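Structure first, commentary second.
2 protein chains.
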Amino acid sequence: MADSNAPAEADLIGLDWGTSSCRAYLLGAEGVILAQARAPFGLMAVNAGHAADPAAFDHAFEELCGRWLDAWPDLPVIACGMAGSRQGWVEAPYRVLPADLADPALACARVRSRRGTEVYVIPGLTDPHGLRGVMRGEETQLLGANLGAGEHEIVLPGTHSKWARLQGTVVTAFTTFMTGELYALLTRHSILATLIRPAPEPQWAAFDRGVDVAAEAITGTGLLGALFSARTLPLTGAMDETDVADYLSGLVIGTELASARKAWVLGPADQLWSAADPELSARYARAAIRLGWRTVHAVENAAPRGLWWTARAIGLIGAPPAQTFPGVVS
Amino acid sequence: MADSNAPAEADLIGLDWGTSSCRAYLLGAEGVILAQARAPFGLMAVNAGHAADPAAFDHAFEELCGRWLDAWPDLPVIACGMAGSRQGWVEAPYRVLPADLADPALACARVRSRRGTEVYVIPGLTDPHGLRGVMRGEETQLLGANLGAGEHEIVLPGTHSKWARLQGTVVTAFTTFMTGELYALLTRHSILATLIRPAPEPQWAAFDRGVDVAAEAITGTGLLGALFSARTLPLTGAMDETDVADYLSGLVIGTELASARKAWVLGPADQLWSAADPELSARYARAAIRLGWRTVHAVENAAPRGLWWTARAIGLIGAPPAQTFPGVVS
Numbered sequence: 001m002a003d004s005n006a007p008a009e010a011d012l013i014g015l016d017w018g019t020s021s022c023r024a025y026l027l028g029a030e031g032v033i034l035a036q037a038r039a040p041f042g043l044m045a046v047n048a049g050h051a052a053d054p055a056a057f058d059h060a061f062e063e064l065c066g067r068w069l070d071a072w073p074d075l076p077v078i079a080c081g082m083a084g085s086r087q088g089w090v091e092a093p094y095r096v097l098p099a100d101l102a103d104p105a106l107a108c109a110r111v112r113s114r115r116g117t118e119v120y121v122i123p124g125l126t127d128p129h130g131l132r133g134v135m136r137g138e139e140t141q142l143l144g145a146n147l148g149a150g151e152h153e154i155v156l157p158g159t160h161s162k163w164a165r166l167q168g169t170v171v172t173a174f175t176t177f178m179t180g181e182l183y184a185l186l187t188r189h190s191i192l193a194t195l196i197r198p199a200p201e202p203q204w205a206a207f208d209r210g211v212d213v214a215a216e217a218i219t220g221t222g223l224l225g226a227l228f229s230a231r232t233l234p235l236t237g238a239m240d241e242t243d244v245a246d247y248l249s250g251l252v253i254g255t256e257l258a259s260a261r262k263a264w265v266l267g268p269a270d271q272l273w274s275a276a277d278p279e280l281s282a283r284y285a286r287a288a289i290r291l292g293w294r295t296v297h298a299v300e301n302a303a304p305r306g307l308w309w310t311a312r313a314i315g316l317i318g319a320p321p322a323q324t325f326p327g328v329v330s
Numbered sequence: 001m002a003d004s005n006a007p008a009e010a011d012l013i014g015l016d017w018g019t020s021s022c023r024a025y026l027l028g029a030e031g032v033i034l035a036q037a038r039a040p041f042g043l044m045a046v047n048a049g050h051a052a053d054p055a056a057f058d059h060a061f062e063e064l065c066g067r068w069l070d071a072w073p074d075l076p077v078i079a080c081g082m083a084g085s086r087q088g089w090v091e092a093p094y095r096v097l098p099a100d101l102a103d104p105a106l107a108c109a110r111v112r113s114r115r116g117t118e119v120y121v122i123p124g125l126t127d128p129h130g131l132r133g134v135m136r137g138e139e140t141q142l143l144g145a146n147l148g149a150g151e152h153e154i155v156l157p158g159t160h161s162k163w164a165r166l167q168g169t170v171v172t173a174f175t176t177f178m179t180g181e182l183y184a185l186l187t188r189h190s191i192l193a194t195l196i197r198p199a200p201e202p203q204w205a206a207f208d209r210g211v212d213v214a215a216e217a218i219t220g221t222g223l224l225g226a227l228f229s230a231r232t233l234p235l236t237g238a239m240d241e242t243d244v245a246d247y248l249s250g251l252v253i254g255t256e257l258a259s260a261r262k263a264w265v266l267g268p269a270d271q272l273w274s275a276a277d278p279e280l281s282a283r284y285a286r287a288a289i290r291l292g293w294r295t296v297h298a299v300e301n302a303a304p305r306g307l308w309w310t311a312r313a314i315g316l317i318g319a320p321p322a323q324t325f326p327g328v329v330s
């Protein structure tokens with residue numbers, strides 16, 4: 001990473017605007033991260049769950065990126081995620097599958113910030129069939145994962161895990177598992193929470209036990225019929241209370257992986273691509289190997305790379321050599 | 001129901017002490033309900049989720065049953081449910097499967113109330129194998145359902161739905177689905193709650209749609225992969241927001257029934273026995289018929305009948321003719 005006082009080759013500001021937080025990246029040549037910032041300015045905080053308030057988005061944008069724009073007022077800015085939702089900064093209507101993530105004609109929504117910066121907002125994707133899947137932000141990670149030519153499948157673990165199938169840079173299908181949110185609901189608000197005691201570190205044996213129970217439940221009474229064991233096992237002395245949280249983590253992640261493997265993954269499922277933060281990636285990789293995948297490839301920094309490549313695909317930044325900015329010796 | 005001023009043949013007070021509320025019944029000959037009362041004195045309220053506080057149970061007991069005991073100080077009292085839990089009024093250790101619910105030697109826990117009344121507390125059941133199922137209170141409903149000789153299966157829908165298998169009055173197996181609690185979590189605390197608008201009456205077409213999606217998901221990505229549709233369908237205009245709550249109800253109840261039918265129910269599953277309040281029973285019956293059961297038998301008042309029959313089985317009340325009490329012309 002460059003000296004934060006003199007990031008000499010800044011190309012782009014990228015924003016990954018989620019539901020609970022917003023991450024900002026100062027990106028250089030080939031998408032290298034020169035600096036980054038994160039703040040709890042997710043959609044829910046900015047709007048308090050209500051109608052869109054452009055001033056609140058503007059304020060969050062200034063807090064995160066103001067100092068970068070003070071230095072380089074003409075730096076292009078691109079955002080993905082909830083900034084483009086109906087309750088966002090500016091609505092970027094969903095693109096319909098199949099959708100080429102690197103399409104030069106991809107139409108971003110645009111909004112001008114108070115200081116006059118034009119912010120490009122990448123549209124999410126929707127599947128018009130069946131249960132009408134939607135995603136916002138993950139499409140940018142899918143491009144950033146850079147899976148290459150041919151057909152690939154990838155999981156983006158998280159609050160609402162996405163499984164996506166791509167043909168090159170074209171998304172052909174995806175589905176959503178509410179895994180992370182269900183885990184949060186169960187450990188915070190359910191009766192199961194009363195028998196959870198925090199552990200100083202991940203309890204991997206308990207996690208594995210949850211994965212195994214999930215895999216067996218898939219052919220039996222399912223997750224709905226297995227969850228209560230996170231109460232009955234500690235209640236009857238068959239599990240330490242410090243194991244319950246990781247047991248539940250294994251149950252829900254194991255259920256997601258075993259369900260996807262059975263119903264969604266094409267072919268022999270030898271390899272799994274996964275993009276998430278390192279801690280969550282480690283859980284998915286561990287469970288996936290336990291459930292029969294042979295190799296799990298962890299993809300890092302998919303969001304900033306996807307922001308940079310989208311910007312380049314639509315011509316917002318030029319191909320190398322990198323654009324130069326005021327104060328930069330080129 | 002007898003005149004509440006002169007319930008001339010009171011045999012027993014029965015208490016069904018749940019997690020969120022407590023129901024008290026004044027029972028007459030053959031378990032007929034002479035009067036009843038309900039208060040939000042469930043285990044969680046009485047103990048505020050913490051250690052057992054006998055004084056709080058005593059207070060709740062007096063509020064619900066004091067006037068009955070003022071009139072008939074010697075009326076026997078029997079309770080089932082959370083009053084016997086470790087955080088309850090007096091711990092009644094679980095009985096282990098297989099367990100005969102009508103065993104004359106069934107050992108109740110006993111606690112003496114402040115006014116001197118001895119309260120018998122029926123123990124719950126546990127399955128020592130596998131995921132260590134537990135129940136408290138439902139065992140009493142199972143006896144009250146009076147399924148008769150031979151092998152039967154029954155569902156007790158609720159916060160934590162139980163499916164039980166009985167041979168006569170002997171419980172041989174059971175399992176738990178967290179259906180009601182999951183529905184409450186999703187509609188109150190999840191992101192799905194933001195797109196729910198109340199409907200003036202049940203939206204049965206939306207409920208049926210949820211049941212159908214659940215049945216299809218059983219062979220696909222499962223409930224975890226179907227839940228997010230309760231967001232994407234209204235978000236994309238494919239469902240009215242007033243339909244979302246009943247769609248979710250159909251999703252979770254349909255998942256429970258389809259999972260149980262596939263994995264748990266013995267034989268051809270032509271008939272389903274179900275014991276719950278009328279509104280919930282109607283939902284289960286509707287979904288069960290949709291999923292292939294031919295007949296659904298709704299059992300009413302299983303708890304008070306079970307309390308009465310348990311009291312008779314252990315000799316707490318005599319066989320008819322009924323015991324008489326002060327002020328009663330026999």
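Top line first, the protein sequences correspond to chains D and X.
Its first residue numbered 1, the first sequence is counted upward by one per residue in my numbering.
Its first residue numbered 1, the second sequence is counted upward by one per residue in my numbering.
Cβ coordinates follow ideal geometry from the N, Cα and C atoms, glycine included.
This one's a predicted model, so the numbers in the text were calculated from it and none came from an experiment.
Residue environment, residue i, which counts as buried when at least 16 other CB atoms sit within 10 Å
i                 : result
Arg188 of chain X : exposed
Glu9 of chain D   : buried
Glu279 of chain D : exposed
Gly318 of chain D : exposed
Pro157 of chain X : buried
Glu118 of chain D : exposed
Ser20 of chain D  : exposed
Gly49 of chain X  : With a pLDDT of 49 at Gly49 of chain X, under the threshold of 50, the predicted position of this residue should be treated as unreliable, though the coordinate-derived value follows. So Gly49 of chain X counts as exposed.
Ala39 of chain X  : exposed
Ala105 of chain X : exposed
Val213 of chain D : buried
Val211 of chain X : buried
Gly144 of chain D : buried
Pro123 of chain X : buried
Pro198 of chain D : exposed
Val96 of chain D  : exposed
Ala6 of chain X   : Below a pLDDT of 50, predicted positions are generally treated as unreliable, and Ala6 of chain X, at 49, falls in that range; the measurement from the model is reported next regardless. The residue in question, Ala6 of chain X, is exposed, as its Cβ has fewer than 16 Cβ neighbours within 10 Å.
Thr219 of chain D : exposed
Gly250 of chain D : buried
Leu305 of chain D : The displayed chain sequence assigns Arg, not Leu, to residue 305 of chain D. Its Cβ being crowded by 16 or more others within 10 Å, Arg305 of chain D is buried.
Per DSSP, cross-strand counterpart(s) of residue i
i                 : result
Leu27 of chain X  : X:Leu12 and X:Ile33
Gly81 of chain X  : X:Trp17
Ser161 of chain D : D:Phe177
Val171 of chain X : X:Ala99 and X:Leu166
Val111 of chain X : X:Val119
Arg38 of chain D  : D:Arg23
Alpha carbon of residue i to alpha carbon of residue j, nearest angstrom
i                 : j                 : result
Gly18 of chain X  : Ala83 of chain X  : 8 Å
Ala45 of chain D  : Gly137 of chain D : 17 Å
Ala109 of chain X : Met135 of chain X : 16 Å
Arg98 of chain X  : Gly42 of chain X  : Contrary to the premise, residue 98 of chain X reads as Pro rather than Arg in this sequence. If I take the Cα positions, the gap works out to 28 Å.
Ala79 of chain X  : Trp309 of chain X : 12 Å
Ile314 of chain D : Val121 of chain D : 12 Å
Trp163 of chain X : Thr176 of chain X : 6 Å
Ala378 of chain D : Pro268 of chain X : Shown here, chain D extends from 1 to 330; a query on residue 378 of chain D therefore has no answer.
Asp70 of chain D  : Gly116 of chain D : 12 Å
Phe174 of chain D : Leu272 of chain D : 15 Å
Cβ-Cβ separation, residue j to residue i (assumed contact under 8 Å), whole Å
i                 : j                 : result
Thr179 of chain X : Ser161 of chain X : 5 Å
Leu166 of chain X : Thr159 of chain X : No, Leu166 of chain X and Thr159 of chain X are not in contact; Cβ-Cβ is about 22 Å, not under 8 Å.
Val252 of chain D : Ala230 of chain D : With 8 Å as the limit, Val252 of chain D and Ala230 of chain D do not qualify as a contact, their Cβ atoms being about 10 Å apart.
Ile13 of chain D  : Trp68 of chain D  : 6 Å
Leu64 of chain X  : Ala37 of chain X  : 5 Å
Ala238 of chain X : Arg86 of chain D  : At roughly 15 Å, the Cβ-Cβ gap does not stay under 8 Å, so Ala238 of chain X and Arg86 of chain D are not in contact.
Leu223 of chain X : Ala217 of chain X : 6 Å
Residue i Cβ short of 8 Å to the ligand FMN heavy atom set
i                : result
Ala56 of chain X : Absence of the ligand FMN from the depicted structure is noted, as is the absence of any ligand whatsoever, leaving it without description.
Mind listing, in chain order, the continuous alpha helix (DSSP H) runs of no fewer than 4 residues lying wholly within the region 124-156 of chain X? Annotation: the region 124-156 of chain X contains the following complete segments of the alpha helix (DSSP H) (minimum length 4 residues), in chain order: 138-144.
Please give me, in chain order, every unbroken run of the alpha helix (DSSP H) with length at least 4 that falls completely inside the region 239-310 of chain D. Complete alpha helix (DSSP H) runs here, min 4: 244-263 and 278-290.
Along the chain, which unbroken stretches of the alpha helix (DSSP H) at least 4 residues long are found entirely within the region 198-232 of chain X? Taking only runs of at least 4 residues, the alpha helix (DSSP H) segments lying wholly in the region 198-232 of chain X are 204-218.
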